[in-house]
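Report on the following structure.
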Amino acid sequence: MTDSGDPSLSPDGLSFATRQVWAKHVLADEAWLPLWRHMADSGAVMARLWDRWLPEQARRVVSADLPEGAADARRLAVWLATLHDLGKATPAFAFQVDRLANQMRTAGLDMPTRGQLEGEHKKAPHGLAGQVLLQRWLTDVHGWDTTRASQLATIIGGHHGVQPTNMEVAELARSPQLLYSRSAADAWSATQHELLDWAATGCAVLTRLADWASRPLSQPTQVILSGLVIVADWFASSRDFFPLDQDADLTNPQRVSAAWHALNLPRPWEPVVPREDAQQLLGTRFDLPEGASARPVQAEAIRMARAMDTSGMMLIEAPMGEGKTEAALAAAEILAARTGAGGCFVALPTMATGNAMFDRITGWLQHLPDHRAGTGAHSVALAHSKAALNDTYIGLPREPRYPAMDMDRDSHQQPARTAAPAQLVAHHWLRGRKKAMLASFVVGTIDQLLFAGLKSRHLALRHLAISGKVIVIDEVHAYDTYMSTYLERVLGWLGAYGVPVVVLSATLPADRRQELARSYLGRHAAGPELEQLAENRDYPLLAAVGHQTSLRLSAPAASGRSNTVELERVPDDPELLAQRLRAELAGGGCAVVVRNTVRRVHETAQVLRAEFARAEVDIPVTVAHARFVDADRLARDAWLLDHVGPHSEQNGTRPVDSAHVVVASQVVEQSLDVDFDLMVTDLAPIDLMLQRMGRLHRHPRQRPARLHDARCLVTGADWAVSPPQPDTGSLKVYRSYPLLRAAAVLESRLAAHSPEQRRVHLPGDINPLIQSAYGSGEAGPDAWQPAMAEAHAAEELHAGRQRDEAREFRLAAPKRPGSNLLGWVAAGVGDADDSSRGRAQVRDSDDTLEVLVVQQRNDGVFTTLPWLAENGGQELPTDAPPPAWLARTVAQCALRLPFPFTISRLLDQAIAELEDTNHIPAWQVPECYHLAGELILPLDENGRTRLAGLDLTYTPADGLEVHYGR
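At position 65 of the sequence shown the residue is numbered 98 (the working numbering), and the sequence of numbers has no breaks.
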């Protein structure tokens, strides 16, 4: 094998017996594939993955561990892919197909009968068998010590997603008949050694083994190689590309090239460091409005990215509206060019924020220059469970289109570099929950990143996906102790891979800033220097840490955008609130009431509507929360952007002389660029209070005279007691201590008499309030301190419980070179996916029940919800699968049921009722993938139903309401 070609794996040098060992079999037509051919396919696929798909950033990690660097790394990767199914050359595997087993017996490879091996063979899955065979060959034939040999062998053992344990290795050692012949001649050992020698010679590693024996591999290198072997195996095992055609010429040299052409996999991103200054760079990448200039935070992020360690973490803390996302993406482009990263992953708190960001990312990608020949292509993915319902994502082409000059993608010649827009492709082979993260550019929920810290099947594949990218983590303040426990471990692995990370927050406690940096640096963390991160009180603040250089800190000026919000506490009485809003909105305007629970949203909206009707004032009340079906939620978000978004005044849709009230849950805190004239908010943790205030007087515009100044009325607590007593629902959501600390740091303003003393200045007060609320010093009046101390103790217990529970399935930190991956994900969770149960593994949340909502007419016929703008009121067949367009409409009506249904008894009862009464067998087929396996919740023609003893009502205006005590 040359460094730029396929392994030399002709079957000519193999014995007749070895050529009879089978790897793949199709019972229907009795087609089969010899093991040697699958080994050769896999090695040749790996050569192409290494040369044309794996980013330089990941290649560099492996290359650094080997004597001859990149050349050795490529040889090793190709060889391991070639050997991955070596364990199929054993009696424990071969006996499973009688016809092929007899064929092998005739060739001299004797083995026990099916009856003798049935059951016993489970001790020797072919991955573990291959691990044992390779390790024994390296130690017995080539003199390797067991530790070094196990590092390579375990990569083979884990190619189906779970690395074997020491116990499994020991158990197999007690059953040698599963691997070898009982006869003295031992034809099996001869065949196994023949395959090992053949692969080592053909992959040009035989002469390298002596040098490799003395070089320990780091765990990051082993994980990257493990992930690559899995990808190579999956592709080489696909009958779409490598059919089991008995009439095909298995020695055809074009076999792999043809399959690679058919796959048409886009190459990784290959940016060059942009030469433009900050103004030019942002202007060309993001279509800045005419006359707009780069903000200081953005310019400093670009400067720092050019100066920092190529592998390092940048933290950007700046107020809402400072353009942190654009700063992060500009920094990501620079860092990717400097490190050889082949893409970018942007992690968001929720699916809603992920969907909003996906449109922004695709816009950015369309402005990126492509420095490859002609028109290149970038693979993109939206990584969350509802991605198939996102119009932008599903509208992307599944195949890249290459000009004729670039069709010979098997060429090793480097094309001339030109700058041209790149295609965006949601590549067909990179779709699905296990492969989506392998796309070059991915937008997804934070869960997708946290899964990389969870011991789960195919974890190496997730690590392969992130090891070659720049990682951007948005809204990092939004993650609690449980999630942060996983995030810190993932950051440690990212640091070990040398992955650049950009972290964004408007409201980050200083201690948290230090914890993130220390996690990324791992054992390279320098304690005294990192103390500066915890002590610094500048805002905005940019920080960069790396393994090679010292901490860099920068405090750019804010952009000059500022707002002053006057606070006032008001009683937690919806009727009094209605009266206040009537007076405040007498001259028109838009007010928002932010509640901490959906139940309070509904209760408040009902009282306001009743009071406004009684007073005969025309003030519409709109609700917004997470308990709408997905289609209605999207429509509600679009309505909010249209009526109170940044362009609502120009569009003529914003109430100016008239009034409007929006009663919302936390959905208005993030992702939606909405702007209100007046705000009422429940007491919440201080960072969320500040996020909410960021939606008040957000954009310059003409306001009603009475609402000329920004004011925020704070409620949701009994202010008459000391300390204030938050609402019961708020306590369930946020707990006592964060709420009391927020009240304490705001107390001097809330208790003040003059308007000047009641003001919060944004952004100037953001950092002081955050650091005070999350610091260790006392806050609030002396009389509050006993209750604060009690709440603090309860909070510490809660955080300790979260840390302990998260650690149960958390991946171990990277170990020093010399450690192998034996038992790497042992005692894990099995498969991890982006379902409600999967997300609960990395979030401290109860199982929630998701249903698809339809309507059932009085005649019993199921229909889509009648008010849907698209395909509303369509009859749904129950004797056959609905057409795809109709099934997708039903899938867009997913709804997550609220708290009562997280109680085990009610959850089980609800599932049983839905499966018993609404199970539709005709929909449980693979081609009906939108609906198969889903629970269907029918509403009557009045939008009502009863489930698990609770009455439910759903309307497009108010979403789902649960009626208790009936």
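Quick reminder that beta carbons are idealized off the backbone N, C-alpha and C, glycines included.
Inter-residue spacing [alpha-carbon to alpha-carbon] between residue i and residue j
| i | j | result |
| --- | --- | --- |
| Thr597 | Tyr572 | 17 angstroms |
| Ala857 | Ile263 | A quick correction: the sequence has Trp, not Ala, at residue 857. Taking the straight line from one Cα to the other gives about 16 angstroms. |
| Val289 | Gly409 | 22 angstroms |
| Asp815 | Gly622 | 40 angstroms |
| Arg450 | Lys155 | With a pLDDT of 39 at Arg450, under the threshold of 50, the modelled position of that residue is not reliable, and the figure given next carries that caveat. Cα to Cα, the separation comes out at about 53 angstroms. |
| Trp83 | His192 | 17 angstroms |
| Pro989 | Ile506 | 34 angstroms |
| Thr630 | Asp760 | 10 angstroms |
| Thr881 | Ala125 | 42 angstroms |
| Arg11 | Gln252 | Lying outside 34 to 999, the shown extent of the chain, residue 11 is not represented and no answer is given. |
| Glu63 | Asp941 | 45 angstroms |
| Gly356 | Val862 | 39 angstroms |
| Gln456 | Val202 | 48 angstroms |
| Ala550 | Met470 | 24 angstroms |
| Glu359 | Arg736 | 29 angstroms |
| Ser41 | Arg466 | 35 angstroms |
| Ala965 | Thr425 | 24 angstroms |
| Thr180 | Arg371 | 35 angstroms |
| Ala184 | Asp178 | In the sequence as presented, Ala is not what sits at residue 184; that position holds Gln. When rounded, the distance between both Cα atoms is 11 angstroms. |
| Gln164 | Val875 | 31 angstroms |
| Gln447 | Ala955 | The predicted position of Gln447 is uncertain, since its pLDDT is 39 and thus under 50; a value taken from the coordinates is nonetheless stated next. Approximately 52 angstroms between the Cα atoms of the pair. |
| Ala913 | Ile944 | 23 angstroms |
| Arg890 | Leu972 | 8 angstroms |
| Thr15 | Gly501 | An answer regarding residue 15 cannot be provided, because it is not within the stretch 34 to 999 covered by the chain. |
Residues near residue i in its chain [Cβ-Cβ closer than 6 angstroms; skip 5 each side]
| i | result |
| --- | --- |
| His1010 | The requested residue 1010 is not part of the displayed model; the chain covers only 34 to 999. |
| Gln225 | Ala122, Leu166 |
| Gln136 | Gln53 |
| Ala233 | Leu239 |
| Ser691 | Gly621 |
| Asp342 | Gly579, Gln581, Thr582 |
Residues near residue i by beta carbon distance below 7 angstroms, same chain, minus five either side
| i | result |
| --- | --- |
| Glu946 | Leu980, Ala981 |
| Trp65 | Trp55, Lys57, His58, Leu133, Leu277 |
| Phe275 | Asp74, Ala269, Ala292 |
| Leu47 | Trp69, Glu227, Trp231 |
| Gly905 | Thr897, Leu898, Pro899 |
| Met427 | Residue 427 is actually Ile in this sequence, not Met. Only Ala421 meet the Cβ criterion. |
| Thr911 | Phe895, Ile953, Ala955 |
Candidates the options: closest to residue i by CA position
| i | options | result |
| --- | --- | --- |
| Arg570 | Gln53, Leu673, Pro801 | Pro801 |
| Glu841 | Thr386, Ser489, Pro299 | Ser489 |
| Phe49 | Leu968, Arg138, Ile969, Glu682 | Arg138 |
| His741 | Ala671, Glu564, Glu617, Ala785 | Glu617 |
| Trp752 | Val330, Ile367, Leu150, Trp817 | Trp817 |
| Ser583 | Glu601, Arg594, Arg849, His557 | His557 |
| Ile479 | Ala421, Ala529, Leu415, Pro433 | Leu415 |
| Ala567 | Gln581, Leu586, His580, Gly579 | Leu586 |
| Tyr962 | Leu422, Arg107, Ile188 | Leu422 |
| Gly387 | Gly833, Glu508, Phe709, Gly194 | Glu508 |
| Lys419 | Asn951, Asp991, Leu930, Arg921 | Arg921 |
| His496 | Met726, Gly260, Leu575 | Gly260 |
| Pro329 | Leu575, Ser271, Ser517 | Leu575 |
Own chain, CB closer than 8 angstroms to residue i, minus 5 neighbours either side, in chain order
| i | result |
| --- | --- |
| Ala775 | Leu716, Ala717, Pro718, Ile719, Met722, Ala806 |
| Ser96 | Gly102, Ala103, Asp105, Ala106 |
Only counting runs of 4 or more residues, tell me where the alpha helix (DSSP H) segments fall wholly within the stretch 195 to 234, in order along the chain. 199 to 206
Are the stretch 677 to 686 and the stretch 601 to 614 in contact at 8 angstroms, needing three or more beta carbon pairs? no
Beta strand (DSSP E) runs wholly inside the stretch 749 to 835, at least 3 long, in chain order: 792 to 795
At what residue ranges does the stretch 498 to 578 contain a whole run of the beta strand (DSSP E), taking only runs of 3 or more? 503 to 506, 534 to 538
Whether or not the stretch 664 to 672 and the stretch 641 to 649 are in contact is what I'm after, with contact meaning three or more pairs of Cβ atoms, one per stretch, closer than 8 angstroms; do they touch? no
Enumerate, from N- to C-terminal direction, the unbroken alpha helix (DSSP H) stretches of 4 or more residues contained entirely within the stretch 949 to 982. none
Those runs of the beta strand (DSSP E) which lie wholly inside the stretch 263 to 350 and span at least 3 residues: 345 to 350
Within 8 angstroms, do at least three Cβ pairs link the stretch 314 to 322 to the stretch 98 to 105? no
Does the stretch 780 to 787 come close enough to the stretch 333 to 350 to have 3 or more Cβ pairs within less than 8 angstroms? no
Is there contact between the stretch 344 to 351 and the stretch 475 to 492, where contact requires at least three CB pairs shorter than 8 angstroms? no
Quick check for students: name the residue ranges of the alpha helix (DSSP H) that lie wholly in the stretch 626 to 657, counting only runs of 4 or more. 631 to 647
Fully enclosed by the stretch 871 to 919, which beta strand (DSSP E) runs are 3 residues long or longer? 883 to 889
Three CB pairs or more closer than 8 angstroms across the stretch 540 to 550 and the stretch 376 to 390: no
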